[in-house]
Structure formats: C-alpha cells, structure tokens
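*Asks:* Each residue of the sequence shown is one higher than the one before, starting from 59 at the first, in our numbering.
Every residue gets a Cβ at the ideal spot worked out from N, C-alpha and C, and that includes glycine.
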Amino acid sequence: MKYIEQWQVLDCPCLVDKVTERIARLGAKHLSYAGRLTLIKSVLSTLHNYWARIFILPKTVLNSIDAICRAFLWHGQEQKESSVLVSWNQICKPRRKGGLGLKLLHQWNVALMVGQWRRLCAVKTQLKTWLYDEAWRDSGSDYTVKLGYSWLVDACPDVLWYPWIQNRIMLPKHNFFIWLVAHKRLLTQDRLIRLHITQSNRCYLCAADEEDLNHLFFSCSFSRQCVRPLEDWLSICLLTRVIDWWIAIRERSLVKKQVVAAAVAHLMYLIWHARNRCRLESVIPLPVMLIKQVKELLQWRVRYSRVKIGSRRSQDWVNSLCQSVTN
Ligand SMILES: [Zn+2]
C-alpha cells in the first residue's frame, strides 16, 4: 500500500532519465516553438502520465520534468536555460485562460490519482464485508493478495475429485481428459443424443448396451477386460460408477493415490481412443495391449516425475509395481 501513497525520489530517477533521453533523441533544436509544443504534448507528457496514474510522484521529480520540458520548449534541448519569454505557470494554463494548454504535472498527478481513488473506493466496498468480518479480524492473519483473490473467487466448495487432478505422475493430456470426464462433458452416445447429433445410443465396443460414461469405462464388457487386470496389478477394487473410483482410494497414501489415479486416467484415455477407433475404423484393440501401455507409461512416469514417495512401505509398493512391469 505504501507504493500507492507515495513514491520516493530514489524510486523514480529513471523517469527523469527517460524524459531527458527522449529529448536528446528528438534533436529538435531547429523546430519552431509550435513544433516543440506539439512534441511536449504528444511525447513527453505520455512518459510521465503512465506512472502518474498509479503513484503520487515526488514533487522534485515532477519539477525536474517541468524544467526539462520548459528548456525544450524555449531552447530545443533538455538543458535548463534561465531565459524564458513567458513563465511556465502561464504556459500551463488552459488556452482560454491565456496559456498554451500544457499541464502542471503535480496538479495533474493529483487529479489522476483522485480518479484512481474512486476506483479503489469501489474495490473497498466490494471487499468491505470480508475485511470487517469478525472471523477474519479475530484470525489475526495479515492480508495477502492470494488470500484476497481466493476470497473473491472462492464462493463454491472444493470438488471431490480435485486431489486426483493435481497429480504430477499423470500426463497433462490425461489430466485434461479426466477433467472432462469429471464434468461429464465427454461426447458419449447418450450426450450426442441429447444434442440431437445422433439417434443411436448403442455402445460401439460391446454393441450390447447403451453408451454413457459409467457404462463405457466401468460396465462395458470390453472395459471390464481392461479394468480387472489393472485392479489386480494395483491391488484395488474399482467400483462401477465413474465418480466412485476416486473415493475407493481415498484412504491410501498420497503416492498410492497418485499412482492409481494416473493409471486409471490413462486406461480411461485408452478406452476412449479404442471406442473412437472402433467407431471410425471398426477395429477393436486387444485389452491386453491397453494394459501393457498403461503399465509401461506408469513405470516411466513414476521414475522420472520426481514425485515424493514418502514411507518405506509406499516405496516397496511402487518398486513391486515397477518390477512386475519389467518381469
Ligand atoms: Zn459397451
């Protein structure tokens, strides 16, 4: 907050340097007074305007910029010459008051800040209920940007499946895929019917039942042939409803949860691709090939994702998984 109130002189020498540098680059000694006035309005003013909207700039800095502009107007260079034809205060009056319409920088800075202050007051109103909340005051916590932002956007509760999406072992493409599944936005047959894109809801892989998320990934005869070996390998029992497989591993250690979540996500991704291949090419891959791919990728991800294994027991469990793939 201190930066909003006042910028120190030492904080902004670059501002004066930039104005000086810009004038030196303009090299406008041979321009007319009118030409220099236009340049001051269009170029030099904009240099300080950006900062003047955010900070109350030190008067000495603003006076320096005023002096540079004054010297440029009368002499076409940044050096501070003493001889001027009309005072700077007169030049900085509006044209109808006898001036040339330039602005006195300090007053302009204050006027800009008042504009920002009105916006800050609007933000204060927005945050007031939180800042004056008794629970917040009693907590004794200092305000942080992260805390304020989460208060503004965190109106809904955490989703049940969040910890499994935040998974370093899982590939990003599997992560995004499982996020779509969690939101029930995968274009399965039941959804395509609701969108009036197709009329058939028959599962492509088994051709026996209606295709929806639960059927495709956990009830379909093809998927069961893939899921059972995975359950044996990971020593888990996946339930038959999509959302429930996360709950089934809730009690396990973090690394086990992450390994299981990554394996299930990869298998679901491969089942989805098998379904699409069947739909487009009428070819169904062997379930054993899908399981082989899941195991090999998981072994590679566990080794190179630098995930913290934790306890010795978890380490043994991960080692046994990896060895079973190698064997
Ligand atoms: Zn099926």
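Sorry if obvious, but does the Cβ on ASP248 come closer than 8 Å to a heavy atom of ligand 1?
*Replies:* no
*Asks:* Which partner residues does ARG260 have in the DSSP bridge list?
*Replies:* GLU268
*Asks:* Can you tell me the Cα-Cα spacing of LEU356 and VAL285, whole angstroms?
*Replies:* So the alpha carbons of these two residues sit roughly 15 Å apart.
*Asks:* Within 10 Å of its beta-carbon, does GLU63 have 16 or more other beta-carbons around it, so buried, or fewer, so exposed?
*Replies:* Low confidence applies to GLU63: its pLDDT is 45, below 50, so where it sits in the model is not reliable enough to give any reading.
*Asks:* Relative to the alpha-carbon of ILE236, which residue among TYR201, PHE275, ASN259 and HIS254 has its alpha-carbon at the smallest distance?
*Replies:* Of the candidates TYR201, PHE275, ASN259 and HIS254, the residue whose Cα lies closest to the Cα of ILE236 is PHE275.
*Asks:* What do you get for LYS353, buried or exposed, if any count of 16 or more other CB atoms within 10 angstroms of its CB means buried?
*Replies:* buried
*Asks:* Can you grab the Cα-Cα spacing for the pair ALA240 / GLY368, in whole Å?
*Replies:* 28 Å
*Asks:* Leaving out the 5 sequence neighbours to the left and right, which residues in its chain are closer than 7 Å to GLN373 when beta-carbon positions are compared?
*Replies:* ILE367
*Asks:* Once you ignore the five residues that flank ALA117 on each side, which residues in its own chain have a CB closer than 8 Å to its CB?
*Replies:* Residue identity differs from the one stated: residue 117 is Lys in this sequence, not Ala. Around LYS117: HIS164.
*Asks:* DSSP three-state call for LYS99: helix, strand or coil?
*Replies:* Helix, per DSSP.
*Asks:* Consider the C-beta atom of SER369 and the heavy atoms of ligand 1; say whether any pair is separated by less than 8 Å.
*Replies:* no
*Asks:* Any heavy atom of ligand 1 inside 8 Å of the beta-carbon of GLU354?
*Replies:* Not under cutoff, so the answer is no.
*Asks:* Roughly how many angstroms lie between the CA atoms of TYR61 and TRP109, to the nearest whole one?
*Replies:* Legend: pLDDT at TYR61 = 43, less than 50; position of this residue unreliable, value from coordinates given subsequently. Each residue's alpha carbon lies about 11 Å from the other.
*Asks:* Keeping to the same chain, check which residues put their C-beta closer than 7 Å to that of MET59; ignore five residues upstream and five downstream.
*Replies:* Summary for MET59: the model assigns pLDDT 42, below 50, so the residue's position carries little reliability, and this model does not support an answer.
*Asks:* Grouping DSSP H, G and I as helix and E and B as strand, with all else coil, what is GLU63?
*Replies:* Per-residue confidence for GLU63 stands at a pLDDT of 45, beneath the threshold of 50, marking its modelled position as unreliable; the derived number appears in the next sentence. Three-state result, GLU63: helix.
*Asks:* What are the boundary residues of the alpha helix (DSSP H) that GLY206 is part of?
*Replies:* 203 to 211
*Asks:* Compute every distance between the C-beta of SER340 and the non-hydrogen atoms of ligand 1, then say whether any falls below 8 Å.
*Replies:* Flag unset: Cβ of SER340 not near ligand 1.
*Asks:* Return the Cβ separation of ILE123 and VAL77 in integer angstroms, given the expectation that the two are a contact with Cβ distance under 8 Å.
*Replies:* 5 Å
*Asks:* Within the continuous alpha helix (DSSP H) that includes SER281, where are the two ends?
*Replies:* 279 to 292
*Asks:* Under 9 Å, do CYS264 and PHE280 count as touching if we go by C-beta distance?
*Replies:* Yes.
*Asks:* Taking only the alpha-carbon atoms, compute the straight-line gap between ALA321 and ARG243 and give it to the nearest angstrom.
*Replies:* 21 Å
*Asks:* Flag this pair as yes or no: are the beta carbons of PRO345 and GLN283 separated by less than 9 Å?
*Replies:* A contact, by the Cβ cut-off of 9 Å.
*Asks:* If you compare alpha carbons, which of VAL217, LEU120 and ARG111 is closest to GLY173?
*Replies:* ARG111
*Asks:* At 3 residues or longer, what runs of the beta strand (DSSP E) sit wholly inside the stretch 92 to 174?
*Replies:* none
*Asks:* Excluding the 5 residues preceding and the 5 following PRO152 in the sequence, name in chain order all residues of the same chain whose CB lies nearer than 7 Å to its CB.
*Replies:* Cβ contact annotation for PRO152 (same chain, cutoff 7 Å, sequence separation greater than five): GLY159, in chain order.
*Asks:* Is there at least one non-hydrogen atom of ligand 1 closer than 8 Å to the beta-carbon of CYS261?
*Replies:* yes
*Asks:* Taking a contact to mean a Cβ-Cβ separation below 9 Å, would you say LEU185 touches LEU210 in this structure?
*Replies:* Yes, the Cβ-Cβ distance between LEU185 and LEU210 is below 9 Å.
*Asks:* How would you label LEU73, buried or exposed, when you count the other beta carbons within 10 angstroms and need 16 or more for buried?
*Replies:* buried
*Asks:* Does the distance from the C-beta atom of LEU292 to that of VAL318 stay below 9 Å?
*Replies:* yes
*Asks:* Within the continuous alpha helix (DSSP H) that includes CYS336, where are the two ends?
*Replies:* 312 to 339
*Asks:* Taking 8 Å as the cut-off, does the CB of GLU269 come closer than this to any heavy atom belonging to ligand 1?
*Replies:* yes
*Asks:* Would ARG176 and ILE149 be called neighbours here (beta carbons separated by less than 9 Å)?
*Replies:* Taking the C-beta atoms as reference points, ILE149 is found no nearer than 9 Å to ARG176.
*Asks:* Would LEU95 pass as a contact of LEU131 if the rule is Cβ separation under 9 Å?
*Replies:* yes
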